[in-house]
Amino acid sequence: MSDEPTNAGESLARHSSLVTHHSSLTLLAQRVTHSPEETVNFGRELAKEVQPPCLVLLEGELGCGKTTLVKGILASLASIPEEEVTSPSFTLVHEFGAQGTVYHVDLYRVEGARDLATLGLDDLLGREATILIEWGEKFGEDVARPCVRIRFEHLGLDERRITVERLM
Ligand code: ADP
Ligand code: MG
Numbered sequence: 000m001s002d003e004p005t006n007a008g009e010s011l012a013r014h015s016s017l018v019t020h021h022s023s024l025t026l027l028a029q030r031v032t033h034s035p036e037e038t039v040n041f042g043r044e045l046a047k048e049v050q051p052p053c054l055v056l057l058e059g060e061l062g063c064g065k066t067t068l069v070k071g072i073l074a075s076l077a078s079i080p081e082e083e084v085t086s087p088s089f090t091l092v093h094e095f096g097a098q099g100t101v102y103h104v105d106l107y108r109v110e111g112a113r114d115l116a117t118l119g120l121d122d123l124l125g126r127e128a129t130i131l132i133e134w135g136e137k138f139g140e141d142v143a144r145p146c147v148r149i150r151f152e153h154l155g156l157d158e159r160r161i162t163v164e165r166l167m
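Residue numbers (numbering that gives the first Met the number 0): 0 to 167.
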């Protein structure tokens with residue numbers, strides 16, 4: 000985690016349409032990881048930032064580490080073993096926790112707003128849960144509630160820059 004959260008995230012957000020719908024944006028953390036293990040551990044650290052209810056948008060290309068980070072978040076947030084966390088690319092939504100307190104969603108195969116509507120995300124969004132959404136950028140401008148956005152950049156073979164922002 001960065002030592003001091005700042006409000007200096009505006010430049011990071013300039014390219015996103017999301018920010019127009021949010022009055023404030025806080026940079027919570029930024030980390031360059033050098034292995035999947037480091038990314039999992041970073042996810043564990045982030046669990047405290049995404050306590051339910053929380054919508055978490057994970058953005059970045061295929062293979063940039065979104066599912067890997069979710070493994071760490073779920074391990075810490077809901078004691079889910081890492082091997083139980085797999086990409087919900089086909090099933091689209093995975094539910095964890097006895098009362099459905101955590102949802103892991105992957106919008107990779109979702110095309111267009113109509114597809115998005117059939118997913119039942121509106122129903123999920125009304126719950127007191129943490130909802131982790133891979134390919135969160137597909138939400139476009141529809142996000143109208145506070146959330147955490149996590150952006151991934153593929154820097155090198157095993158190097159990833161991970162930026163965590165809170166949108167209010
Ligand atoms: P996504 O969900 O974004 O498609 P995954 O987490 O499923 O990505 O896959 C990331 C891939 O990159 C895995 O094969 C993982 O082993 C590899 N990898 C290499 N270095 C890293 C790193 N620093 N962080 C996360 N994954 C990494
Ligand atoms: Mg994935």
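We treat Cβ as the ideally placed atom computed from N, Cα and C, and that holds for glycine.
Since the structure is predicted, the reported quantities are computational estimates derived from the model, not experimental observations.
Start-to-end residues for the alpha helix (DSSP H) that takes in residue i
{"i": "arginine 165", "result": "Here arginine 165 belongs to no alpha helix (DSSP H); instead the beta strand (DSSP E) covers 159-166."}
{"i": "threonine 66", "result": "65-77"}
{"i": "leucine 115", "result": "111-117"}
{"i": "threonine 38", "result": "35-45"}
{"i": "leucine 106", "result": "Here leucine 106 belongs to no alpha helix (DSSP H), and DSSP marks it neither H nor E."}
{"i": "leucine 124", "result": "120-124"}
Limits of the beta strand (DSSP E) - the one that residue i falls within
{"i": "alanine 28", "result": "24-32"}
{"i": "phenylalanine 151", "result": "146-153"}
{"i": "leucine 131", "result": "129-133"}
{"i": "leucine 54", "result": "53-58"}
Close-in-space but distant-in-sequence residues of the same chain around residue i (CB under 7 Å, 5 per side omitted)
{"i": "aspartate 157", "result": "His33, Ser34"}
{"i": "threonine 67", "result": "Pro35, Thr38, Val39"}
{"i": "isoleucine 72", "result": "Gly42, Leu45, Ala46, Val49, Leu131"}
{"i": "glycine 119", "result": "none"}
Exposed unless 16 or more other CB atoms sit within 10 angstroms - verdict on residue i
{"i": "arginine 113", "result": "exposed"}
{"i": "glycine 111", "result": "exposed"}
{"i": "valine 31", "result": "exposed"}
{"i": "glutamate 83", "result": "exposed"}
{"i": "threonine 90", "result": "exposed"}
{"i": "glycine 64", "result": "buried"}
{"i": "threonine 117", "result": "exposed"}
Proximal residues to residue i (C-beta, below 6 Å), its chain only, five neighbours per side dropped
{"i": "threonine 100", "result": "Pro51, Ala128"}
{"i": "glutamate 136", "result": "Glu58"}
{"i": "proline 87", "result": "His93, His103, Asp105"}
{"i": "serine 23", "result": "Met167"}
{"i": "glycine 96", "result": "Ala77"}
Do the region 104-117 and the region 74-82 touch if we need at least three Cβ pairs shorter than 8 Å? no
If we count Cβ pairs, one from each stretch, closer than 8 Å, do we get three or more for the region 145-156 versus the region 54-65? yes
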